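Residues 1 to 83, numbered by UniProt numbering, are exactly what the sequence shown covers, in order.
Glycine included, C-beta positions come from ideal geometry on N, C-alpha and C.
This structure is a prediction, so every number in the text was calculated from the model and none was measured.
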Amino acid sequence: MNATHTRDPAEDDTFLNLVDFKWLMAGVGWWVDLSRLQRDRSYIDQCLQRALRSDSQLLRKRSVELLGLQLGSDAYHDVALCG
Numbered sequence: 001m002n003a004t005h006t007r008d009p010a011e012d013d014t015f016l017n018l019v020d021f022k023w024l025m026a027g028v029g030w031w032v033d034l035s036r037l038q039r040d041r042s043y044i045d046q047c048l049q050r051a052l053r054s055d056s057q058l059l060r061k062r063s064v065e066l067l068g069l070q071l072g073s074d075a076y077h078d079v080a081l082c083g
């Protein structure tokens, strides 16, 4: 019997967004632990807050997008209005 495991495209997008975020953070001098970023809520918050205060417009934009992915559309709109 052959079993084929297929991946959910949404999971792939989320992981790619986290990798993108990690490299944008590295570009401004902040190292991100990707495995911890996927499981530690306080670490996620710390990284996102640091990114939202950065001088990089692209990093701030990706942070808002990640907040939307993590917390839902209401949080996305709240942060977007503040930024």
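Nearest to residue i by CA position, among the options, is which residue?
i          : options           : result
residue 18 : 38, 56, 52 and 46 : 38
residue 34 : 27, 21, 45 and 42 : 21
residue 28 : 66, 46, 51 and 68 : 51
residue 58 : 14, 25, 15 and 16 : 25
residue 31 : 61, 47 and 55     : 47
Assuming residue i and residue j form a contact by the criterion Cβ under 8 Å, report the distance between their Cβ atoms to the nearest whole angstrom.
i          : j          : result
residue 54 : residue 60 : 6 Å
Entirely within the region 22-71 and at least 3 residues each: give me those beta strand (DSSP E) ranges in chain order. Counting only runs that start and end inside the region 22-71, there is no beta strand (DSSP E) element of at least 3 residues.
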